[in-house]
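Student: Residues in the sequence shown are numbered from 184 upward in steps of one, following my numbering. C-beta atoms are modelled at their ideal positions from N, C-alpha and C, and glycine is treated no differently.
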Amino acid sequence: MIYSILIIFIINFAFTNKFDFKSISYKNENDSTVSFEILSNEVTNNQFVKYLNSALDKGEIKIDAKNRIIGYYSGDIYYNEGSKIFAYLDGDIKMDHIIFNDNLFELRDSTYINHPVTKISWYCANAFAIHYSAMLPRGIEWEKAAEYIKAEQKLNPGDYKEKINFNSGKLKPVDDYDFFGNVSEWTRSIDSEIKSFKLIKGANFKDSNQKFLDLSYNKMNFATQILNDTGFRIVKYSK
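#1: What beta strand (DSSP E) runs, 3 residues minimum, are completely inside the region 349-410?
#2: Can you check the region 219-291 for any beta strand (DSSP E) of at least 3 residues that lies completely inside it and give the ranges in chain order?
#3: Under the DSSP definition of a beta bridge, which residues are partnered with Thr216?
#4: Just the Cα atoms here: how many angstroms apart are Ile332 and Phe388?
#5: In this structure, what does DSSP give as the bridge partners for Thr413?
#6: Within 10 angstroms of its Cβ, does Lys241 collect 16 or more other Cβ (buried), or is it exposed?
#7: Taking the straight line between their C-alpha atoms, what separation do you get for Trp325 and Leu398?
#8: When the Cα atoms are used, what is the spatial distance from Ser379 to Asn263?
#9: Please classify Ser316 as buried or exposed, where buried requires at least 16 other C-beta atoms within 10 Å of its C-beta.
#10: Could you say which of Asn211, Gln230 and Trp305 lies nearest to Leu410 if we only look at CA atoms?
#11: Taking the beta carbon of Phe405 as the centre, do at least 16 other beta carbons fall within 10 Å, making it buried, or is it exposed?
#12: Where does Lys131 sit, in a helix, a strand or coil, going by DSSP?
#13: Pick from Gln408, Thr216 and Tyr256: whose alpha carbon is nearest that of Ser421?
#14: Anyone know if the C-beta pair for Pro299 and Gly414 falls short of 8 Å?
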């Protein structure tokens with residue numbers, strides 16, 4: 184399947200929590216123009232804390248007896264409708280930098296305010312997007328946005344070690360190079376062969392194999408999975 188980029192430019196607009204988006208248009212395989220706006224960076228711990236408190240206030244999430252964040256998913260052909268585990272507040276796979284204290288979510292350490300949020304299920308990333316009238320990107324949309332950054336920043340293999348957080352073993356604050364490292368990202372696409380798997384795009388700080396730097400490379404996992412190397416970003420569409 185061949186896609187061509189038609190036009191890409193950067194915009195900043197005032198969205199909830201002052202999210203910055205990049206506006207992208209491209210030609211799909213039917214020669215139709217597809218336009219969308221994608222979050223410039225992966226969702227940060229700070230942005231996620233604000234979401235959690237807003238969602239809690241609106242009754243979209245709750246904390247259960249096992250200290251898990253629970254929310255609703257409307258269901259699809261592979262996953263049933265109902266209450267789903269969004270994230271854990273206790274245990275080995277709890278969120279590293281977010282706690283629940285006096286009925287309020289907050290950061291454990293402000294040092295990590297601009298680090299990408301991780302250890303959240305696909306359900307949680309999807310709910311975040313819906314909360315802000317947005318969606319998770321399709322795999323191809325993620326690729327087109329990454330291609331733009333690669334061209335804009337004139338990245339080549341020699342820049343990877345210096346500019347992107349790949350194979351470092353440690354998360355870093357978000358920046359413009361996160362399509363190529365820091366954390367991998369949930370999308371709303373499904374794997375072409377194992378269709379119950381949600382598609383994950385991008386290399387991360389734990390990866391060491393150069394194949395993960397190929398923008399077309401696909402990772403995958405179940406929607407229920409909690410991963411310490413995977414975050415997400417969101418997209419909006421012009422009405």
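Tutor: Considering the structure as presented:
#1: List check, beta strand (DSSP E) in window: 367-373, 381-384 and 401-404.
#2: 244-246, 251-256, 265-271, 281-284 and 287-290, all fully within the region 219-291.
#3: Paired residues: Lys210.
#4: Distance between Ile332 and Phe388, taken at the CA atoms: about 18 Å.
#5: DSSP output for Thr413 lists Ser367 as bridge partner(s).
#6: Classification of Lys241: exposed, given that the 10 Å Cβ count is below 16.
#7: One alpha carbon belongs to Trp325, the other to Leu398, and they sit about 9 Å apart.
#8: Straight-line Cα distance between these residues: approximately 12 Å.
#9: Classification for Ser316: exposed.
#10: Of all alpha-carbon atoms in Asn211, Gln230 and Trp305, the one lying nearest the alpha-carbon of Leu410 is that of Trp305.
#11: With a 10 Å radius around the Cβ and a threshold of 16 neighbouring Cβ atoms, Phe405 comes out exposed.
#12: It is not possible to answer for residue 131, since the shown part of the chain is limited to 184 through 422.
#13: Ranked by Cα distance from Ser421, the first of Gln408, Thr216 and Tyr256 is Thr216.
#14: Yes, the Cβ-Cβ distance between Pro299 and Gly414 is below 8 Å.
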